[in-house]
Structures are given as C-alpha cells and as structure tokens.
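This report concerns only the one structure given below.
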Ligand SMILES: CC(C)(COP(=O)(O)OP(=O)(O)OC[C@H]1O[C@@H](n2cnc3c(N)ncnc32)[C@H](O)[C@@H]1OP(=O)(O)O)[C@@H](O)C(=O)NCCC(=O)NCCS
C-alpha cells in the first residue's frame with residue numbers, strides 16, 4: 019500500500035507585525051526635471067500632485083534599499099531574523115535578472131536559509147506578496163515571512179520621456195507577516211489583463227539593446243489609458259476587497275492606494291464614499307511613484323504620522339504594468 023503523505027496546515031490566521039521603510043537619499047523637485055520634457059512645476063503638481071520625488075545615489079541599489087527597509091521591519095516585529103523562513107521581494111527594476119534580490123536580502127538581514135524569491139507584478143507587487151505570505155503561512159509552508167517592495171526606478175527612466183519618467187522615485191517598504199490569533203489579512207482580490215500589456219512597461223528588450231537596435235530600455239505608459247482603467251476598474255476591485263473582508267467603508271481607519279497619481283487617489287476616495295475619518299496615504303506628494311514600494315512606504319509614513327491608526331483596518335490596492343492588480347484589507351500593526 020502506498021504510504022499516506024503528510025500534508026501540512028499552518029496558522030489559522032495571519033497579520034502584519036511591522037513595517038520598515040527606506041527612501042532614496044535625494045529629493046528631486048519638479049524644477050530639476052521639467053526642461054527636457056518641456057513641462058512645468060505647475061503642470062506636474064496639478065496633474066499628478068507630485069512636488070518632489072526621492073531618488074537614490076548612484077551607488078545605492080534596490081538591494082540596499084530592500085535590506086534597509088527589511089532590517090527596520092524585522093527589528094520592529096520583535097521576531098528574530100533567523101525565524102523568518104520566507105522572503106518575498108516584489109521588484110521590476112533590479113538591473114540583474116538573476117540571482118534574485120530576495121536571496122541576497124535574506125542573507126544580509128540574517129534570514130539565511132529562508133526560502134527566497136522575487137515576484138514581478140509591478141505596482142501590484144506588494145499586495146501580491148502579502149497575499150502569498152498570508153497563504154504560505156496558513157498552508158504551513160512558512161512560519162514568518164518578510165515581504166518587501168523595492169525599486170530603483172531612476173535606473174529605468176529616460177529624462178526626455180513625458181509619459182512617466184517624471185512620476186518615478188526610488189525606495190523600499192517591508193513588512194513581517196506571521197501567525198495571528200485573529201484575522202489580520204482579508205481576502206485578496208487580484209488579477210490581470212494582459213490584453214493591455216502595452217499600456218505601461220519597458221519600451222525595449224535587453225536583447226534589442228545588446229544588438230544595438232534600441233537604447234537602454236526605460237519605462238513608458240499610455241497615461242490616459244492607465245488613468246481611465248485605474249479610475250473605472252480599480253474602484254470595483256477596491257469595493258470587492260472591502261466586501262470580501264466582511265466590512266463597509268465606514269469600518270476603515272486608512273486607505274492606502276498605489277501612489278500613482280493624486281487625482282486617481284482623490285477619485286478613489288470620492289467613488290468609494292470614504293468617510294472623512296479615513297486617513298488616506300498621500301506619500302506621492304514627496305516620494306513620487308515607487309511602484310512595488312509605494313504602498314508599504316505610504317503606510318509606514320501614515321503610521322509614523324498617525325500612531326492612533328495602529329490596530330485599525332487599512333484597505334490597500336496596487337495596480338500597474340501587466341496590467342495587474344491586487345487589493346486586500348489588513349489590520350495595521
Ligand atoms: C501621466 C499622466 C499624469 C498624464 O496626465 P493626463 O492628464 O492624462 O495628460 P494627457 O496625457 O491627457 O495630456 C494632457 C495635456 O498635457 C500635455 N502633457 C502630457 N505630458 C506632459 C508632461 N509631462 N508635461 C507637460 N505637459 C504634458 C499633453 O501634451 C496634453 O496637451 P494638450 O492638451 O495640449 O494636447 C496621467 O495620465 C496619469 O497619471 N496616468 C496614470 C498613471 C498610473 O496610474 N500609472 C500606473 C502604473 S505606474
């Protein structure tokens with residue numbers, strides 16, 4: 019007779035224990051970027067809400083930013099680094115395809131030999147990572163997970179591009195996820211629409227660059243297409259995440275959408291009919307759009323500025339290149 023396998027189950031519930039953040043060292047105001055794109059400080063402020071964005075020094079990598087953010091999250095979690103057995107890094111901008119950012123970061127922060135892998139879900143990467151950490155822990159595949167969104171987008175911008183470059187910044191945000199006695203991570207609503215793959219992403223391949231057929235690949239977008247998709251489709255996803263969690267917008271303490279454009283954030287808040295009491299992440303104003311890092315960076319800042327949010331419910335939603343999206347309600351640590 020074939021012996022019956024052991025198939026594990028894990029914790030009944032999970033929660034986020036702590037946040038960590040690392041931002042690029044340099045504030046880059048609109049004035050510094052407008053000349054090559056024939057723009058103005060006023061246009062960028064009005065259309066995007068960005069006043070300045072952070073960018074990292076040349077010798078600071080997405081790996082360095084990730085390790086700094088992770089070290090803070092681990093310290094604040096109270097969980098020894100060697101008990102973390104899964105490290106998930108969401109990123110689209112590390113210039114080396116392999117080895118993964120996650121394995122290097124796991125080693126740097128003391129989590130070696132944790133399972134480690136990178137995931138590519140652009141601006142939805144952090145929400146995807148939280149969904150995976152939650153699932154891994156509840157399935158018994160990990161006990162404590164580190165989820166990091168890290169980007170050095172300044173390496174993949176073209177200063178003459180008017181479509182996206184002026185939005186982008188560098189940074190990393192991290193969380194430690196672990197078991198919980200009560201539910202701390204609501205159901206994830208996630209998905210993709212590859213029929214709109216051309217709406218945002220890299221303009222060339224690395225092989226085209228190698229063969230001299232194209233310049234260094236940089237990010238581009240069809241701004242209005244992504245804008246309309248975000249406002250129409252993502253509001254539905256946000257509503258589904260609230261409903262699936264068994265709550266109403268009135269129960270939220272905070273709303274942390276991907277920091278893509280202040281007008282999208284305002285439109286979300288209006289359409290979701292969020293009460294005045296809900297604190298909204300608006301980190302984009304001084305950090306810019308940091309893709310996978312934007313949600314944890316914005317949440318980290320909200321918790322610094324509003325410590326009373328601790329223990330409250332936050333709706334987070336990421337969306338971007340793919341196109342992909344992911345949303346869930348979480349209990350703030
Ligand atoms: C990129 C974005 C800020 C552009 O704003 P917009 O209001 O859609 O701007 P449009 O592209 O419709 O252009 C409006 C006008 O501004 C001009 N313009 C476009 N980019 C410009 C720039 N960087 N600086 C100055 N003017 C610009 C256009 O030429 C156009 O001029 P016209 O009215 O004389 O024809 C906006 O579309 C956006 O944020 N999109 C979504 C981003 C997003 O969510 N991304 C998610 C993945 S990261």
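Numbering (our numbering), first residue to last: 19 to 351.
For glycine and all other residues, C-beta sits at the position ideal for the given N, C-alpha and C.
Residue(s) in a DSSP beta bridge with residue i
i: residue 90; result: Its beta-bridge partners do not exist; DSSP assigns none.
i: residue 220; result: 237
i: residue 198; result: 31
i: residue 144; result: Its beta-bridge partners do not exist; DSSP assigns none.
i: residue 297; result: 272
i: residue 128; result: According to DSSP, which records beta bridges pairwise, residue 128 is partnered with nothing at all.
i: residue 168; result: 190
i: residue 207; result: 345
i: residue 41; result: 189
Residue i CB to nearest heavy atom of ligand 1 below 7 angstroms
i: residue 184; result: yes
i: residue 279; result: yes
i: residue 55; result: yes
i: residue 311; result: no
i: residue 142; result: no
i: residue 61; result: yes
i: residue 69; result: no
i: residue 257; result: no
i: residue 139; result: no
i: residue 282; result: yes
i: residue 287; result: no
i: residue 241; result: yes
i: residue 181; result: yes
i: residue 45; result: no
i: residue 308; result: no
Buried versus exposed, by CB contacts within 10 Å (16 or more), residue i
i: residue 33; result: buried
i: residue 82; result: buried
i: residue 302; result: buried
i: residue 144; result: buried
i: residue 19; result: exposed
i: residue 112; result: buried
i: residue 229; result: exposed
i: residue 227; result: exposed
i: residue 323; result: exposed
i: residue 234; result: exposed
i: residue 238; result: buried
i: residue 77; result: exposed
i: residue 169; result: buried
i: residue 30; result: exposed
Straight-line gap, residue i to residue j (C-alpha atoms, nearest Å)
i: residue 331; j: residue 121; result: 31 angstroms
i: residue 73; j: residue 318; result: 18 angstroms
i: residue 133; j: residue 158; result: 13 angstroms
i: residue 265; j: residue 201; result: 13 angstroms
i: residue 241; j: residue 182; result: 8 angstroms
Distance cut-off 7 angstroms: residue i Cβ against heavy atoms of ligand 3
i: residue 208; result: The ligand content of the structure shown is limited to ligand 1, which means ligand 3 is not among them.
Contact with chain C by residue i, beta-carbon distance below 8 angstroms
i: residue 281; result: Although the question refers to chain C, the structure presented lacks it and comprises just one protein chain.
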